[in-house]
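When we follow my numbering, the leftmost residue of the sequence shown carries the number 8, and every step to the right adds one. Glycine included, C-beta positions come from ideal geometry on N, C-alpha and C.
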Amino acid sequence: MIIRLTTLGCEMRLDTIPRISLTQLPTPLIEAPRLAARLGLRRLLVKRDDCTTLGMGGNKVRKLEFLMADALEKGSDVVMTCGGPQSNHARLTAAACRKVGIERCILFLGGPDFERMNGNLLLDTLFGAEIRFMVDATVKEMDDAMNAEAEKLRADGRKPYVIPIGGSSPQGAMGYTSGIRELAGQLSDEDKSPLIFFAVGSCGTLTGVTIGCRLFLPEAEIIGISVSRKASEIRKIVERVAPEATELLGIDLPIDASQIHVEDCYYGERYGVASEAGNAAVLEMAQSEAIVLDPIYTGKAMSGLMDMARRKLIDTDRTVIFLHTGGGPGLFAFDHVFRGNAKLLRV
8 MIIRLTTLGC
18 EMRLDTIPRI
28 SLTQLPTPLI
38 EAPRLAARLG
48 LRRLLVKRDD
58 CTTLGMGGNK
68 VRKLEFLMAD
78 ALEKGSDVVM
88 TCGGPQSNHA
98 RLTAAACRKV
108 GIERCILFLG
118 GPDFERMNGN
128 LLLDTLFGAE
138 IRFMVDATVK
148 EMDDAMNAEA
158 EKLRADGRKP
168 YVIPIGGSSP
178 QGAMGYTSGI
188 RELAGQLSDE
198 DKSPLIFFAV
208 GSCGTLTGVT
218 IGCRLFLPEA
228 EIIGISVSRK
238 ASEIRKIVER
248 VAPEATELLG
258 IDLPIDASQI
268 HVEDCYYGER
278 YGVASEAGNA
288 AVLEMAQSEA
298 IVLDPIYTGK
308 AMSGLMDMAR
318 RKLIDTDRTV
328 IFLHTGGGPG
338 LFAFDHVFRG
348 NAKLLRV
């Protein structure tokens, strides 16, 4: 039954959805005063979801707490997902399998071929994942291959659990519905109408943040920075996933995706390729606040925040929150991008 609930009622509903602990929460919410001064912002806070404690951290841990609980509840003995060669979601799915005792994790990875097993690929290997690499495969091709493998496993008597790319499912969206409840509890009353910036890829985080803000932080304004696709495509995905997520919660909460603010001019050439602006943002964040971003996700998201602040496209008197979704391990696959910035003297 779908009903209308108070905020307290929504919290109680959220707490009934199966979940398994994979990290220590809450993650820190810290000031970034030096960068705020550079950007002309009154206040800049960073929500450090890069500091989740599973498998070198990142935002996907929040989603996987719900996804792995669902997998265990269904008796699954194999978990499968897909992504790019440096997928943070794939890395954390492999780590989560080890944490909860599911021995077999199959990752379908597609994109440009590679020569070095570094960054997330190295961690996938350390966590014992089976990697099926599909050179230059599209998401649909990876999905098809993953679903075909799942059918074979079922025929052999196994119980595969298939996680969509990025963990973008109703269960996955609960991760950031819960995450925004956590964030709201960390904010003072004067900061409860913030601008919240974050990277948008597969849209699971965006869906969860959108629902979470409607329920627990209604005065907040969300600004998603796309790292992979046009805003119109993103809104279509949210339109599909959000109703399923609110149904899982058992609440009547219509989401008008057309009203979701997504900027799609900061991802550069294409997904997975570093951009000049994103690289500059990685350096500026590191050298102003000693916080590490990556060139593919958080660097591009921060480049959007920086550009919009400097061009006065946002209200700089409002509290700005950067949701740091992680991705640090992927940085080590891009050493060639930053090599020219080294202040190296051999003596």
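Q. How about the stretch 91-111 and the stretch 126-133: do they share at least three Cβ pairs that are nearer than 8 Å?
A. Verdict: yes, contact present.
Q.
So if DSSP puts residue 207 in a beta bridge, which residue, or which two residues, is it bridged to?
A. Residue numbering aside, residue 207 sits at position 200 when the sequence shown is read from its first letter. Bridge partners of residue 207: 233.
Q: Report the rounded CA-to-CA distance for residue 162 versus residue 155, giving the unit in angstroms.
A: Residue numbering aside, residue 162 sits at position 155 when the sequence shown is read from its first letter. Residue numbering aside, residue 155 sits at position 148 when the sequence shown is read from its first letter. Cα to Cα, the separation comes out at about 11 Å.
Q.
Could you check whether the Cβ of residue 278 sits closer than 7 Å to any Cβ belonging to chain B?
A. In the displayed structure, chain B is absent; only one protein chain is listed.
**Q.** Delimiting residues of the beta strand (DSSP E) encompassing residue 117
**A.** Looking up residue 117 in the sequence shown gives position 110. From DSSP, the beta strand (DSSP E) with residue 117 extends over 111-118.
Q.
Alpha carbons only, please: which of 166, 242 and 228 is nearest the one belonging to residue 325?
A. The sequence position of residue 325 within the sequence shown is 318, counting from 1. Closest option to residue 325, Cα to Cα, is 228.
Q) Are the stretch 303-312 and the stretch 342-353 in contact at 8 Å, needing three or more beta carbon pairs? A) With contact defined as three or more Cβ pairs closer than 8 Å, the stretch 303-312 and the stretch 342-353 are not in contact.
Q: Tell me the start and end of each unbroken alpha helix (DSSP H) in the stretch 31-117 that is at least 4 residues and wholly inside, in chain order.
A: Within the stretch 31-117, the complete alpha helix (DSSP H) runs of at least 4 residues are 40-46, 67-80 and 95-107.
Q: Tell me residue 137's beta-bridge partners as DSSP assigns them.
A: Residue mapping note: residue 137 aligns to position 130 of the sequence shown, counting from 1. Answer by DSSP bridge pairing, in chain order: 113.
**Q.** Closest by C-alpha distance to residue 250, when choosing among 190, 87, 353 and 176
**A.** By one-based count along the sequence shown, residue 250 stands at place 243. Of the candidates 190, 87, 353 and 176, the one whose C-alpha sits nearest the C-alpha of residue 250 is 176.
Q.
Closest to residue 303 by C-alpha separation, out of 185, 277 and 202, would be which residue?
A. By one-based count along the sequence shown, residue 303 stands at place 296. Ranking 185, 277 and 202 by Cα distance to residue 303 puts 277 first.
Q) In its own chain, which residues sit with a C-beta less than 8 Å from the C-beta of residue 338, not counting the 5 before and 5 after it? A) Along the sequence shown, one-based indexing puts residue 338 at 331. 126, 289, 299, 300, 301 and 302, listed in sequence order.
Q. Excluding the five sequence neighbours on either side, which residues of its own chain have a C-beta within less than 7 Å of the C-beta of residue 165, listed in chain order?
A. Taking the sequence shown and counting its residues from 1, the one referred to as residue 165 is at position 158. Correct list, in chain order: 84 and 85.
Q) The beta strand (DSSP E) spanning residue 261 covers which residue range? A) Position 254 of the sequence shown, counted from the start, is the residue given in the question as residue 261. Where residue 261 is concerned, there is no enclosing beta strand (DSSP E), given that its DSSP letter is neither H nor E.
**Q.** Cβ shell of residue 220 (< 7 Å), same chain only, five flanking positions each side left out
**A.** On the sequence shown, residue 220 is found 213 positions in, with the first residue counted as 1. If we look at residue 220 and ignore the five residues flanking it on each side, its Cβ neighbours are 187, 227 and 229.
Q) Given a threshold of 16 other Cβ atoms within 10 Å of its Cβ, counted over all protein chains shown, does residue 21 qualify as buried or as exposed? A) As a working mapping, residue 21 is identified with position 14 in the sequence shown. By the 10 Å Cβ count, residue 21 comes out buried.
(Q) Taking the straight line between their C-alpha atoms, what separation do you get for residue 78 and residue 191? (A) Here residue 78 refers to the residue found at position 71 when the sequence shown is read from its first residue. Here residue 191 refers to the residue found at position 184 when the sequence shown is read from its first residue. Going by the C-alpha atoms only, they are around 29 Å apart.
Q. Can you give the beta carbon distance from residue 272 to residue 241, rounded, assuming they're within the 8 Å contact cut?
A. Mapped onto the sequence shown, residue 272 falls at position 265. Mapped onto the sequence shown, residue 241 falls at position 234. Contact flag wrong, Cβ pair sits at about 13 Å.
Q) Are the stretch 50-68 and the stretch 94-114 in contact at 8 Å, needing three or more beta carbon pairs? A) By the Cβ rule, the stretch 50-68 counts as touching the stretch 94-114, because three or more pairs are nearer than 8 Å.
(Q) To the nearest angstrom, how far is the alpha carbon of residue 104 from that of residue 49? (A) Position 97 of the sequence shown holds residue 104. Position 42 of the sequence shown holds residue 49. The straight-line gap from Cα to Cα measures roughly 42 Å.
Q: Have a look at 56, 106 and 40 and flag the residue whose alpha-carbon is nearest the alpha-carbon of residue 29.
A: On the sequence shown, position 22 is the one that residue 29 refers to. When each option's Cα is compared against that of residue 29, the closest is 106.
Q: Pick helix, strand or coil for residue 351, following the three-state DSSP scheme.
A: As a position in the sequence shown, residue 351 is number 344, starting the count at 1. In this structure, residue 351 counts as coil in the three-state DSSP scheme.
Q: Compute the beta-carbon to beta-carbon distance between residue 116 and residue 138, rounded to the nearest angstrom, for a pair I have assumed lies under 8 Å.
A: As a first step, residue 116 is located in the sequence shown; it is residue number 109 there, counting from the start. As a first step, residue 138 is located in the sequence shown; it is residue number 131 there, counting from the start. That pair is a contact at about 6 Å.
Q. What does a CB cutoff of less than 6 Å around residue 112 pick up in its chain, not counting 5 residues either side in sequence?
A. Taking the first residue of the sequence shown as 1, we reach residue 112 at position 105. Correct list, in chain order: 86, 101, 104 and 136.
**Q.** Neighbourhood of residue 45 by C-beta distance below 7 Å, restricted to the same chain and skipping five residues each side
**A.** The residue given as residue 45 occupies position 38 in the sequence shown. If we look at residue 45 and ignore the five residues flanking it on each side, its Cβ neighbours are 295.
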